[in-house]
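Trainee: Chains as they are written, first to last, in our numbering: chain A, 80 to 308; chain B, 5 to 282.
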Amino acid sequence: MDPENLEFINQLLDKDVELREKIKEQVVEFDKKTRTLSGMLNKIHSTPSEQMAVLLDSVRPTLEGCRETTAALAVLIPANQFWRWKDMWCNSLRSAVYAATLMEYLKSGTLLTLPTVNEVLGIKDEWKDRFTLTAEDYLHGLITLVNELSRLAVNAVTLGDFEAPIKISVFVKDLFAGFAMLNLKNDLLRRRYDSLKYDIKKIEEVVYDVSLRKLVPSISSDKLQDNPI
Amino acid sequence: MATTSLATRDDIVGVFDAFRDELDDHNDRRERLIKSSRDVTNLSKKVIFLLHRVMTEDTTESSDTNLASRAAARAREKLRDVQALFAGMREDVTGDRFWRYQKNVSPGLQEYIEALSFTHYLEHRTLISYEEVQESLSDDDGILYFPLPLEDYLLGLADLTGELMRYAISSISRKGGRSKANEVCVFVRGCKADFEGLTPHFKELRKKQTVTSQSLTKIEDVAYAITVRSSEYDVPPEILDDIVARTVSAHGGDRDGRPSGRRESRRRDEDQDEEDED
Numbered sequence: 080m081d082p083e084n085l086e087f088i089n090q091l092l093d094k095d096v097e098l099r100e101k102i103k104e105q106v107v108e109f110d111k112k113t114r115t116l117s118g119m120l121n122k123i124h125s126t127p128s129e130q131m132a133v134l135l136d137s138v139r140p141t142l143e144g145c146r147e148t149t150a151a152l153a154v155l156i157p158a159n160q161f162w163r164w165k166d167m168w169c170n171s172l173r174s175a176v177y178a179a180t181l182m183e184y185l186k187s188g189t190l191l192t193l194p195t196v197n198e199v200l201g202i203k204d205e206w207k208d209r210f211t212l213t214a215e216d217y218l219h220g221l222i223t224l225v226n227e228l229s230r231l232a233v234n235a236v237t238l239g240d241f242e243a244p245i246k247i248s249v250f251v252k253d254l255f256a257g258f259a260m261l262n263l264k265n266d267l268l269r270r271r272y273d274s275l276k277y278d279i280k281k282i283e284e285v286v287y288d289v290s291l292r293k294l295v296p297s298i299s300s301d302k303l304q305d306n307p308i
Numbered sequence: 005m006a007t008t009s010l011a012t013r014d015d016i017v018g019v020f021d022a023f024r025d026e027l028d029d030h031n032d033r034r035e036r037l038i039k040s041s042r043d044v045t046n047l048s049k050k051v052i053f054l055l056h057r058v059m060t061e062d063t064t065e066s067s068d069t070n071l072a073s074r075a076a077a078r079a080r081e082k083l084r085d086v087q088a089l090f091a092g093m094r095e096d097v098t099g100d101r102f103w104r105y106q107k108n109v110s111p112g113l114q115e116y117i118e119a120l121s122f123t124h125y126l127e128h129r130t131l132i133s134y135e136e137v138q139e140s141l142s143d144d145d146g147i148l149y150f151p152l153p154l155e156d157y158l159l160g161l162a163d164l165t166g167e168l169m170r171y172a173i174s175s176i177s178r179k180g181g182r183s184k185a186n187e188v189c190v191f192v193r194g195c196k197a198d199f200e201g202l203t204p205h206f207k208e209l210r211k212k213q214t215v216t217s218q219s220l221t222k223i224e225d226v227a228y229a230i231t232v233r234s235s236e237y238d239v240p241p242e243i244l245d246d247i248v249a250r251t252v253s254a255h256g257g258d259r260d261g262r263p264s265g266r267r268e269s270r271r272r273d274e275d276q277d278e279e280d281e282d
């Protein structure tokens with residue numbers, strides 16, 4: 080090989096190696112934050128609904144702390160190379176999506192949209208070719224959300240909240256209807272989507288249990304009180 | 005103002021509608037690029053076979069350089085078709101898209117680089133540079149169709165050594181084949197040495213280096229055999245080649261006993277047919 084060519088190649092290589100190391104540093108930070116988030120959010124299974132808002136407020140700063148990391152990564156990535164490096168921070172990002180959407184559900188019972196998740200995590204539109212939240216990563220985050228909600232349905236009942244599983248059931252079935260619209264290839268997303276039906280089954284069983292035992296105040300029992308047979 | 009969160013099934017299903025379109029779009033694009041890449045691979049392989057065929061055809065062409073130029077010229081015609089295929093992929097790999105589909109484009113790209121570098125070697129006896137490969141993947145205004153990944157450049161070159169080994173060994177029987185084999189031997193040895201320093205960064209390259217080593221060993225064994233055998237005769241190598249050539253043609257050329265001249269024109273017709281097919 081012509082020495083000039085070899086020199087050129089080595090320079091390219093060195094730049095890539097250096098960049099990878101810098102990205103790795105940020106990913107380690109990102110990972111720490113999302114693991115902390117997961118740990119803190121684990122407490123929801125032992126938190127009564129009246130105290131949920133306080134718990135969420137305590138978690139929010141950590142979630143917003145991710146903005147520093149996303150900004151740092153956006154600066155590092157060269158133009159148009161998002162797809163080249165994204166696998167390095169993929170898992171942390173999906174975890175952050177899960178945390179953000181879970182917190183919104185616990186607060187308002189609704190689904191946080193992708194653009195809003197971007198806002199929460201400080202991901203700017205102009206970074207699109209360097210650092211962005213793809214539909215696929217958002218969807219993976221949602222699946223983790225469903226996994227967690229099926230667990231919450233069970234534990235909420237244990238804490239005495241009998242309405243929670245009903246609401247969760249409606250929400251999760253809406254999400255499942257959404258997922259059912261996608262044309263998926265035989266990849267990880269497809270496999271995780273397939274596992275959603277087991278979460279739904281679990282939630283349905285909880286709903287069944289609380290409904291039949293008349294644990295949930297229903298319209299018919301109220302009517303019975305006013306108009307005894 | 006856009007809604008920040010969704011409460012109803014209709015709303016939720018609505019955004020998933022958009023996700024479906026996005027995923028469909030991506031999967032369709034992926035399929036298109038895989039198909040194009042296969043076409044690139046096929047055409048590039050044909051170029052390589054063409055080069056081998058021209059360089060080993062039975063011919064009265066005495067100058068090896070002229071033969072190489074002829075081979076290269078024909079190869080370049082086909083290579084232009086391959087480049088046209090890459091140009092056709094432009095839209096699908098524009099902007100930040102390229103790296104999303106790099107794995108799908110890679111196999112064809114490497115095969116193309118193998119064919120291109122083989123052509124380059126026959127013409128110039130050197131290894132084509134990274135920048136020269138880039139140039140071949142640019143339009144008339146010098147704009148790249150897409151970025152050239154270093155990995156694909158190196159892996160394409162690693163495959164070249166295999167073709168050079170075949171070229172060297174099939175050249176043995178021809179006039180001047182011995183010195184050619186030696187030249188290729190030295191060249192491949194140099195390639196292997198250059199790549200060795202780069203293997204820590206590319207796992208695939210490490211694997212291909214073992215194949216390169218095997219190719220090098222084959223050529224080295226041949227070069228050794230030549231040296232030992234020629235040293236038995238105290239005659240210049242060109243005279244040796246002549247003796248061998250005269251013996252072969254005196255024997256009648258081919259098995260049917262037909263004069264070798266006819267065989268040569270038959271082979272030319274075969275090539276012509278292939279060209280008409282394309």
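For every residue, glycine included, the Cβ atom is placed at its ideal position computed from N, Cα and C.
Do we get a CB-CB distance below 8 Å when we pair asparagine 31 of chain B with the residues of chain A?
Mentor: Counted from its first residue, the second sequence places residue 31 of chain B at position 27. Yes, because at least one Cβ of chain A sits closer than 8 Å to the Cβ of asparagine 31 of chain B.
Trainee: Would you please state the rounded distance, in angstroms, between the beta carbons of leucine 161 of chain B and leucine 141 of chain B? I believe it to be under 8 Å.
Mentor: Taking the first residue of the second sequence as position 1, residue 161 of chain B is located at position 157. Taking the first residue of the second sequence as position 1, residue 141 of chain B is located at position 137. Actually they do not touch by this definition, with Cβ atoms about 15 Å apart.
Trainee: With a 10 Å radius around its C-beta and 16 neighbouring C-beta atoms as the bar for buried, classify isoleucine 156 of chain A as buried or exposed.
Mentor: Position 77 of the first sequence holds residue 156 of chain A. The residue is buried, with at least 16 neighbouring Cβ atoms inside 10 Å.
Trainee: Quick check on this structure: which residue in B/Val137, B/Ser219 and B/Lys179 has the alpha carbon closest to the alpha carbon of arginine 118 of chain B?
Mentor: By 1-based counting over the second sequence, the position of residue 118 of chain B is 114. The sequence given here has glutamate at residue 118 of chain B, not arginine. The shortest C-alpha separation from glutamate 118 of chain B is found at B/Val137.
Trainee: Would you verify that the beta carbon of serine 9 of chain B is, or is not, closer than 8 Å to some beta carbon of chain D?
Mentor: The structure shown has no chain D; the protein chains it does contain are A and B.
Trainee: Closest to isoleucine 223 of chain B by C-alpha separation, out of B/Val215, B/Met169, B/His205 and B/Lys207, would be which residue?
Mentor: On the second sequence, residue 223 of chain B is found 219 positions in, with the first residue counted as 1. Cα-wise, what sits closest to isoleucine 223 of chain B is B/Met169.
Trainee: Tell me the rounded alpha-carbon separation between tryptophan 162 of chain A and tyrosine 157 of chain B.
Mentor: Taking the first residue of the first sequence as position 1, residue 162 of chain A is located at position 83. Taking the first residue of the second sequence as position 1, residue 157 of chain B is located at position 153. Distance between the alpha carbons of tryptophan 162 of chain A and tyrosine 157 of chain B: 19 Å.
Trainee: Please report the straight-line C-alpha distance between aspartate 93 of chain A and glutamate 167 of chain B, rounded to a whole angstrom.
Mentor: For this step, residue 93 of chain A is matched to residue 14 along the first sequence. For this step, residue 167 of chain B is matched to residue 163 along the second sequence. So the alpha carbons of these two residues sit roughly 30 Å apart.
Trainee: Hey, does threonine 130 of chain B have any beta-carbon neighbour from chain A nearer than 8 Å?
Mentor: By 1-based counting over the second sequence, the position of residue 130 of chain B is 126. Chain A, which has a Cβ nearer than 8 Å to the Cβ of threonine 130 of chain B, makes this yes.
Trainee: Lysine 246 of chain A to serine 229 of chain A, Cα distance in whole Å?
Mentor: Position 167 of the first sequence, counted from the first residue, corresponds to residue 246 of chain A. Position 150 of the first sequence, counted from the first residue, corresponds to residue 229 of chain A. Computed Cα separation, rounded: 11 Å.
Trainee: Measuring CB to CB, does serine 9 of chain B end up less than 8 Å from serine 187 of chain A?
Mentor: As a working note, residue 9 of chain B is residue 5 in the second sequence. As a working note, residue 187 of chain A is residue 108 in the first sequence. Yes, the Cβ-Cβ distance between serine 9 of chain B and serine 187 of chain A is below 8 Å.
Trainee: Is any non-hydrogen atom of the ligand FAD found closer than 7 Å to the C-beta of methionine 131 of chain A, if you look at the structure I gave you?
Mentor: Questions concerning the ligand FAD fall outside what the structure shown contains, since it holds no ligand whatsoever.
Trainee: Excluding the 5 residues preceding and the 5 following asparagine 226 of chain A in the sequence, name in chain order all residues of the same chain whose CB lies nearer than 7 Å to its CB.
Mentor: Reading the first sequence from its first residue, position 147 is the one you call residue 226 of chain A. Around asparagine 226 of chain A: Asp278.
Trainee: Tell me the residue span of the alpha helix (DSSP H) that contains serine 274 of chain A.
Mentor: In the first sequence, counting from the first residue as 1, residue 274 of chain A sits at position 195. Note, serine 274 of chain A: alpha helix (DSSP H), 267 to 291.
Trainee: Mind checking which residues open and close the alpha helix (DSSP H) that includes serine 1 of chain B?
Mentor: With chain B covering 5 to 282 only, the question about residue 1 of chain B has no answer from this structure.
Trainee: Could you name the residues that DSSP lists as bridge partners for leucine 190 of chain A?
Mentor: Position 111 of the first sequence, counted from the first residue, corresponds to residue 190 of chain A. BP columns for leucine 190 of chain A point to B/Leu10.
Trainee: Distance, Cα to Cα, threonine 148 of chain A vs lysine 203 of chain A?
Mentor: As a first step, residue 148 of chain A is located in the first sequence; it is residue number 69 there, counting from the start. As a first step, residue 203 of chain A is located in the first sequence; it is residue number 124 there, counting from the start. So the alpha carbons of these two residues sit roughly 13 Å apart.
Trainee: Under 8 Å Cβ to Cβ from lysine 196 of chain B, same chain only, skipping five residues before and after it: list those, please.
Mentor: Stepping through the second sequence from its first residue, residue 196 of chain B is reached at position 192. These residues qualify, in order along the chain: Thr165, Gln213, Thr216, Ser217 and Leu220.
Trainee: Using the Cα positions of serine 321 of chain A and threonine 113 of chain A, report the straight-line distance between them to the nearest angstrom.
Mentor: As shown, chain A starts at 80 and ends at 308. That puts residue 321 of chain A outside it, with no answer to give.
Trainee: For glycine 112 of chain B, count the other beta carbons within 10 Å of its own beta carbon; 16 or more makes it buried, fewer makes it exposed. Which is it?
Mentor: Position 108 of the second sequence, counted from the start, is the residue given in the question as residue 112 of chain B. Answer is buried; the Cβ neighbour count reaches 16.
Trainee: Are there 16 or more other CB atoms within 10 angstroms of the CB of arginine 84 of chain B, so buried, or fewer, so exposed?
Mentor: As a first step, residue 84 of chain B is located in the second sequence; it is residue number 80 there, counting from the start. Exposed is the call here.
Trainee: For serine 133 of chain B, go through chain A and note every residue whose CB falls closer than 7 Å to its CB, in chain order.
Mentor: Counting from 1 along the second sequence, the entry for residue 133 of chain B is found at position 129. Asp81 and Asn84, listed in chain order.
Trainee: Counting only runs that start and end within the segment 80 to 109 of chain A, where is the alpha helix (DSSP H) found for 4 or more residues in a row?
Mentor: none
Trainee: Residues of the segment 172 to 198 of chain B in Cβ contact with chain A at a cutoff of 8 Å, in chain order, please.
Mentor: Gly194, Cys195 and Asp198
Trainee: Give the residues from the segment 165 to 192 of chain A that approach chain B closer than 8 Å (Cβ to any Cβ), ordered along the chain.
Mentor: Glu183, Ser187, Gly188, Thr189, Leu190, Leu191 and Thr192
Trainee: List in chain order: all unbroken beta strand (DSSP E) runs of 3+ residues lying wholly within the segment 135 to 211 of chain A.
Mentor: With a minimum length of 3 residues, no continuous beta strand (DSSP E) run stays inside the segment 135 to 211 of chain A.
Trainee: Drop a sphere of 10 angstroms on the beta-carbon of tyrosine 228 of chain B, count the other beta-carbons inside from all chains shown, and report buried for 16 or more, exposed for fewer.
Mentor: Stepping through the second sequence from its first residue, residue 228 of chain B is reached at position 224. Looking at its Cβ environment, which holds fewer than 16 other Cβ atoms inside 10 Å, tyrosine 228 of chain B is exposed.
Trainee: What in chain A is Cβ-close to arginine 210 of chain B, meaning under 7 Å?
Mentor: Your numbering for residue 210 of chain B matches position 206 in the second sequence. Within chain A, no residue comes near arginine 210 of chain B; the closest Cβ sits about 15 Å away, beyond 7 Å.
Trainee: Just reading off the alpha helix (DSSP H) that proline 111 of chain B is part of, what are its end residues?
Mentor: Locating residue 111 of chain B in the second sequence gives position 107, counting from the first residue. Run containing proline 111 of chain B: 101 to 128, per the alpha helix (DSSP H) assignment.
Trainee: Please confirm if glutamate 118 of chain B has its CB atom under 8 Å from at least one CB of chain A.
Mentor: Here residue 118 of chain B refers to the residue found at position 114 when the second sequence is read from its first residue. Answer no: the Cβ-Cβ gap between glutamate 118 of chain B and chain A never drops below 8 Å.
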